[in-house]
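To keep things clear, I will list the structure first and then write my remarks on it.
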Amino acid sequence: MEPKLEPRDEPLVSGFLQNPNPNYGLKVPVAESNAVNGTRTNGSDENNDRSEINGNLESMIDVIDVDEVMDPDALAIVLVPDEEDNQLANVEPSYRRKFPPRSAELVRVSNLEIEDERYFRELVRKTRTLYDSLWIYVTLEEDRRRSLLDGPVPRARVRADLKVASMMRDRGLWLNQDKRIVGPIPGGYEDDEDSGDVIIYTGHGGQDKNSRQVAHQKLEGGNLGMERSMHHGVEVRVVRGFKYKGGAGDKVYVYDGIYKIDEYWFEIGKSGFGVYKFKLVRMEGQPEMGSAILKFAENIKTNPLGARPVGYVSLDISRNKEKVPVFLFNDIDDNHDPLEYDYQVTTIFPSFVYHNARNGGGCNCSGGCTVDCLCAKKNGGEFAYDINGRLIKGKPLIIECGPLCSCPPNCWNRVSQKGVRNTFEVFRSMETGWGVRSLDLIQAGSFICEYTGVVLTREQAQVFTMNGEDTLVYPNRFGERWAEWGDFSQVFSDYVRPSYPSIPPLEFAIDVSKIRNLACYMSHSPCPNVFVQLVMYDHSNFGFPHLMLFAMENIPPLRELSLDYGAAGEWTEKLAICN
DNA sequence: GGATGTTCATAATA
DNA sequence: CTATTATGAACATC
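Sequential numbering of the first sequence, starting at 1, is according to full-length UniProt numbering.
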C-alpha cells in the first residue's frame with residue numbers, strides 16, 4: 001500500500017513566548033542576572049546524566065538584555081519577572097505541586113562544541129527511542145487488558161501517548177522541563193537549502209465545541225504569545241502534521257525548522273467574527289527537512305527519473321527478487337559495483353542446519369495464534385510483535401512461526417520472514433562510500449531487511465580468510481543494540497534485560513563476496529538507527545539464526561541508515577563494509 | 001472512509 | 001488555594 005501524504009490545514013506551532021502579562025520585566029542587566037544559573041532543575045538529584053546536561057547547558061548559555069535580541073552574537077534571551085512578580089514567585093506555597101512550574105525564562109543555545117552537540121543529539125535520540133518503545137508496549141498491554149474484559153462495550157483505549165508521557169514525566173525523563181529553549185534545535189544537518197516557505201497561521205479562540213467561529217478571537221494566550229514573539233524577534237518552531245496512510249498510526253508530525261513572524265493582523269472571516277492571522281516565513285540557511293523531504297521522497301518513489309534526472313544507475317538491484325524495488329543511485333562517480341553481485345533476499349545456511357535439531361516443530365494454531373501458542377511459549381510466553389508488525393522489545397533471539405506451523409500466513413508472528421516492505425535505495429556518498437536510505441518513513445521498531453549472504457561455518461571461514469579474502473561479516477561482532485529497544489530500566493525498577501531464549505555463541509560468518517542484499521551497504525555508526533535482531537523461523541538450529549534488521553527510531557525518508565558493526569577499529573566510523 | 005463526538009492530561013485563568 | 005475552561009491529539013462512532 002502506498003503511503004499518502006496530505007498537508008494539514010494549519011501547522012502546529014510551538015516554542016513561542018506565551019506570557020499574558022504585558023508588563024513582564026524585559027530589562028535584565030547582564031551583570032546582575034543569574035536567573036539561569038539559579039533555576040532549579042528537575043530530577044537532577046537522582047540522575048547523573050541529567051545533572052550533567054544542566055551543567056553543560058549552564059556553561060553554554062548566557063543572560064542578556066532582551067533589547068539585544070537581534071544581536072547576532074547574542075547567546076541567550078532570558079525574560080525575568082519584574083520585582084512584583086518576583087515577590088509572588090518567592091512565596092512558599094502551602095501545597096505541594098506534583099511538578100514545579102516551568103520557568104518562564106527563554107533561553108537560546110548557540111555555539112555548541114561538537115562534543116556537546118553530539119551529546120545532546122544522542123540524549124534526544126535515546127529519549128525518543130524510549131518513548132517509541134514504551135508506546136508500543138503500553139498500547140499492547142492495554143489491548144491485552146481490554147481483550148480480557150467480557151463487558152458489552154469495551155472501554156475506550158487509554159491514550160498511550162499521554163500515558164507514556166506521564167510515565168516518563170513522573171520519572172524525570174522529559175527533556176528541557178526547566179527552561180524554555182528557543183531557536184534552532186541543536187543537532188541538525190549542515191546544508192544551505194531553503195524552501196522559502198510562507199505560512200499563514202490562524203490564531204485560536206472564539207470557537208464553540210463544534211469548531212464553529214462564534215466570537216471574535218482575543219489577543220491572549222497563544223495569540224498573544226505569537227505577538228510577543230514577533231515583537232521580540234523570537235523565532236517559532238514549526239511542526240507540521242500529516243495524514244500518513246499505510247503506517248501504523250494515522251498521522252505523523254515532522255519538524256520543519258524555525259520561522260520568523262513577519263506580521264499579523266485581525267481579519268473578519270466568513271462567519272462574521274474576527275480571527276488573528278500570523279504570517280510566518282521560514283528562516284534562511286536551514287537545511288531542507290521535514291515535510292519538504294517527505295514530499296521529495298514521495299516524488300522519487302512515483303517517478304524516480306523525473307525527480308532525479310541524473311544519478312539512477314538501476315531501478316532495482318534485486319532484479320524483482322524483493323517485493324519492492326531497490327534503487328541504485330550514484331551521482332558522484334562511475335562506480336556501479338552493486339550491480340556485479342547476485343542478489344539474495346534471504347541468507348542461505350548450510351543444508352545440515354535445516355536437517356539437524358528439529359526440536360518441537362511448529363505450533364498447531366490453525367485459527368490464529370494466541371498466548372497459548374507454542375511459538376509464543378518459545379519466546380517466553382509473549383509475542384514478539386504488535387499488530388502492525390513492530391518489534392515490542394529486543395531479545396537474544398526471536399522465534400517466528402514458520403513452515404512447520406499450522407497458523408495462516410497472516411499470523412502476527414510472521415514479520416521478518418516476509419521480507420522488505422519499504423522502498424530503499426543504495427546510494428554513493430563522499431563520506432561513506434555506499435550507503436542505504438529509505439524513501440518511506442520507517443517507524444521505530446519496524447522491520448527493515450535481513451542481512452544476507454552465504455553462511456560459512458567456522459572451518460570454512462578459516463579457509464576463506466587464508467585465501468586472502470576479506471568480505472566476511474561476523475554475526476557475533478555486532479554491538480548488542482537489540483538490548484536498547486524496549487529497555488525500560490529507567491521506567492520500571494524491576495526491569496531486567498531479556499536473556500531468553502538464550503543462544504549459543506554464534507560461530508558462523510556471512511560471506512558477501514558474491515551474493516548479498518542491500519544490508520551490506522549500510523554504514524557503520526556508534527549511534528546507529530538500525531539494530532540487528534536474531535530471528536529463527538525456518539529451522540530450529542539455535543546456532544544459525546537469521547540476522548534481521550529493525551529500526552531503532554523513526555527514520556525519515558532519505559536519512560542514511562546505520563548499524564553498529566561493533567569491532568572498533570576494524571572499520572572506521574561510517575564506513576560501509578561492502579566498499 | 002471522511003466527518004463528528006468523546007476523552008484525556010495539562011496549563012492557563014477565574 | 002480550588003474550580004473551571006481551553007486546548008489539541010487520538011480514538012470511537014456515526
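Think of the CB as a built atom: it goes at the ideal place given N, C-alpha and C, for glycine as much as any other residue.
- Message: Under DSSP, the beta strand (DSSP E) around Cys401 begins and ends at which residues?
- Response: Neither: Cys401 is in no beta strand (DSSP E) and is coded neither H nor E.
- Query: From Arg50 to Lys126, what does the alpha carbon distance come to, in whole angstroms?
  - Reply: Note on Arg50: pLDDT 26, under 50, position unreliable in the model; no value is reported.
- Item | Chain-order list of residues whose beta-carbon lies under 6 Å from that of Lys498 (same chain, five-residue window excluded) | It is worth fixing the name first, because residue 498 is Pro in this sequence and not Lys. Excluding sequence neighbours, Pro498 sits near Lys395.
- Task: Taking only the alpha-carbon atoms, compute the straight-line gap between His336 and Ala297 and give it to the nearest angstrom.
- Result: 22 Å
- Item | Reference Asp170; option with closest CA among Phe329, Val182, Val491 | Val491
- Please list the segments of the alpha helix (DSSP H) lying wholly inside the UniProt domain "SET" (422-566), counting only runs of 4 or more residues, in order along the chain. 458-466
- Message: Let me confirm a value: Gln417 is counted as buried when at least 16 other C-beta atoms fall within 10 Å, else exposed. Which label applies?
- Response: So Gln417 ends up on the buried side.
- Item | Delimiting residues of the beta strand (DSSP E) encompassing Thr202 | 198-202
- Specify whether the region 533-542 and the region 508-519 touch according to this definition: at least 3 beta carbon pairs, one from each stretch, less than 8 Å apart. no
- Query: Taking C-alpha atoms, which residue in Ile387, Ser406, Glu382, Asn410 lies nearest to Ile399?
  - Reply: Glu382
- Item | the region 412-428 touching the region 474-487, judged by at least three CB pairs closer than 8 Å | no
- Length of the line joining the Cα atoms of Ser502 and Phe544: Distance from the CA atom of Ser502 to the CA atom of Phe544, rounded to whole angstroms, is 13 Å.
- May I ask whether a heavy atom of the ligand SAH can be found less than 8 Å away from the beta carbon of Cys407? By its list of ligands, the structure shown contains no ligand whatsoever, and the ligand SAH lies outside what it can speak to.
- Message: Please give me, in chain order, every unbroken run of the beta strand (DSSP E) with length at least 3 that falls completely inside the region 231-281.
- Response: The qualifying runs are 236-244, 251-268.
- Proximity winner among Glu235, His216, Tyr255, Ile258, relative to Trp265 (alpha-carbon distances): His216
- Task: Could you give the DSSP three-state label for Leu123: helix, strand or coil?
- Result: DSSP places Leu123 in helix when its eight states are reduced to three.
- Query: Hey, how far is the Cα of Gly479 from the Cα of Gly566?
  - Reply: If I take the Cα positions, the gap works out to 5 Å.
- Task: Could you name the residues that DSSP lists as bridge partners for Leu294?
- Result: None; Leu294 has no bridge partner.
- Could you check what DSSP says for Phe383 in three-state terms: helix, strand or coil? Correct three-state label for Phe383: coil.
- Message: With the cut-off set at 9 Å, would you say Thr202 and Val138 are in Cβ contact?
- Response: no
- Query: Helix, strand or coil: which one does DSSP assign to Arg180?
  - Reply: Reduced to three states, the DSSP call for Arg180 is strand.
- Integer Cβ distance of Ser523 from Glu484, believed to fall under 8 Å: 18 Å between Cβ atoms; not a contact.
- Query: Which partner residues does Tyr341 have in the DSSP bridge list?
  - Reply: Tyr341 pairs with nothing; no bridge assigned.
- Task: Return the first residue and the last residue of the alpha helix (DSSP H) that Leu305 is part of.
- Result: Taken as a continuous stretch (DSSP letters only), the alpha helix (DSSP H) holding Leu305 covers 304-307.
- Item | Where the beta strand (DSSP E) through Ser314 begins and ends | 312-314
- Query: Do Phe424 and Leu439 come within 9 Å of each other at the CB atom, strictly closer than that value?
  - Reply: yes
- Identify which residue in Phe427, Tyr312, Gly367 has its Cα closest to the Cα of Asn410. Gly367
- Message: Just to confirm before moving on: does the CB-CB distance between Arg481 and Ser446 stay below 9 Å?
- Response: no
- With DSSP collapsed to three states, give me the class of Arg169. helix
- State the DSSP-derived secondary structure class of Arg390, mapped to helix, strand or coil. coil
- Task: Look at the Cβ atom of Thr347, then the Cβ atom of Tyr451, and state whether they are nearer than 9 Å.
- Result: yes
- Message: So for Val326, helix, strand or coil by DSSP?
- Response: strand
- Query: Is DSSP giving Arg146 helix, strand or coil here?
  - Reply: In the three-state DSSP reduction, Arg146 falls in the helix class (H, G or I).
- Can you name the residues that DSSP bridges to Arg108? Val182
- Cβ pair Val234, Arg228 closer than 9 Å: Closer than 9 Å, so yes.
- Message: Classify Pro557: buried if its beta carbon has 16 or more other beta carbons within 10 angstroms, exposed otherwise.
- Response: buried
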